[in-house]
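Just so we're aligned, residue 530 is where the sequence shown starts under our numbering, counting upward by one.
Think of the CB as a built atom: it goes at the ideal place given N, C-alpha and C, for glycine as much as any other residue.
Here the structure is a predicted model, which is why all the values come from computation and not from measurement.
Reading through the structure tokens given below for one structure.
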Amino acid sequence: MSEIPNEQPRYSIRPHFSQKFRPIELQELLNTTLREELDDKEYSSETVPSLTKEISDQIREKFKQLDLPRYKILVQVIIGEARGGGVKIAARCFWDNDTDSYLTAHYMSKSIFAVATVFGVYYY
Numbered sequence: 530m531s532e533i534p535n536e537q538p539r540y541s542i543r544p545h546f547s548q549k550f551r552p553i554e555l556q557e558l559l560n561t562t563l564r565e566e567l568d569d570k571e572y573s574s575e576t577v578p579s580l581t582k583e584i585s586d587q588i589r590e591k592f593k594q595l596d597l598p599r600y601k602i603l604v605q606v607i608i609g610e611a612r613g614g615g616v617k618i619a620a621r622c623f624w625d626n627d628t629d630s631y632l633t634a635h636y637m638s639k640s641i642f643a644v645a646t647v648f649g650v651y652y653y
């Protein structure tokens with residue numbers, strides 16, 4: 530009869546603390562990315578769709594370069610013309626409060642406003 534090895538399982542269900550999605554530490558990265566991409570831009574309804582995709586892709590790539598294994602990074606960017614009107618944005622999620630989180634950044638200039646939200650969802 531073979532013996533059962535006395536090894537501890539190596540699979541971890543939860544991320545180690547150093548590999549958690551921590552919005553407070555990532556906020557400046559998101560703020561800087563929005564500023565870099567939008568500081569020299571003027572609102573144009575023709576270029577906003579492609580600009581939104583470009584910014585979303587850049588944010589996603591920057592967050593993927595961080596050491597956050599098994600996290601799915603979702604990015605939503607909304608760009609509009611700054612004309613003094615109001616905008617309400619909401620999101621609802623079903624997730625694990627211990628591992629999943631999000632952060633939001635706002636950008637405003639004379640002609641353009643933007644809101645970027647990054648969700649970090651741990652993949653079990």
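Less than 7 Å between C-beta atoms, sequence neighbours within five positions excluded: which residues of the same chain meet that for L558? For the purposes of this step, residue 558 is taken as the residue at position 29 of the sequence shown. Excluding sequence neighbours, L558 sits near K591.
Distance between H545 and G615 (C-alpha atoms, nearest Å): Start at 1 with the first residue of the sequence shown, and residue 615 comes out as number 86. Start at 1 with the first residue of the sequence shown, and residue 545 comes out as number 16. If I take the Cα positions, the gap works out to 40 Å.
Ordered along the chain, which non-local residues of its own chain (more than five positions away) have a Cβ less than 6 Å from that of E566? Your numbering for residue 566 matches position 37 in the sequence shown. Here the set comprises I584.
Short Cβ contact (7 Å threshold) for Y600 with Y540: Here residue 600 refers to the residue found at position 71 when the sequence shown is read from its first residue. Here residue 540 refers to the residue found at position 11 when the sequence shown is read from its first residue. Not in contact: Y600 and Y540 (Cβ atoms no closer than 7 Å).
Residues bridged to K601 [DSSP beta-bridge criterion]: Within the sequence shown, residue 601 is the residue found at index 72, counting from 1. DSSP, once it has assigned bridges, lists V650 as partnering K601.
By the DSSP assignment, the beta strand (DSSP E) with L632 in it spans what residues? Here residue 632 refers to the residue found at position 103 when the sequence shown is read from its first residue. Residues 630–637.
In whole angstroms, give me the CA-to-CA distance for S638 and I618. Reading the sequence shown from its first residue, position 109 is the one you call residue 638. Reading the sequence shown from its first residue, position 89 is the one you call residue 618. Those two C-alpha atoms are separated by around 19 Å.
Going straight from the alpha carbon of G649 to that of E536, what length do you get? As a position in the sequence shown, residue 649 is number 120, starting the count at 1. As a position in the sequence shown, residue 536 is number 7, starting the count at 1. Rounded to the nearest angstrom, the two C-alpha atoms are 32 Å apart.
Residues in the same chain with beta-carbon distance under 6 Å from V604, minus the five sequence neighbours each way, listed in chain order, please. As a working mapping, residue 604 is identified with position 75 in the sequence shown. Here the set comprises S585, I588, R589, V647.
Local Cβ density within 10 Å of S630, reported as buried at 16 or more and exposed below that: By 1-based counting over the sequence shown, the position of residue 630 is 101. Around the CB of S630, 16 or more other CB atoms lie within 10 Å, so the residue is classed as buried.
Tell me whether I608 is buried or exposed, calling it buried when 16 or more other Cβ atoms sit within 10 Å of its Cβ. Residue 608 sits at position 79 when you count from the first residue of the sequence shown. The residue in question, I608, is buried, as its Cβ has 16 or more Cβ neighbours within 10 Å.
What is the DSSP secondary structure of F546, counted as helix, strand or coil? By 1-based counting over the sequence shown, the position of residue 546 is 17. In this structure, F546 counts as helix in the three-state DSSP scheme.
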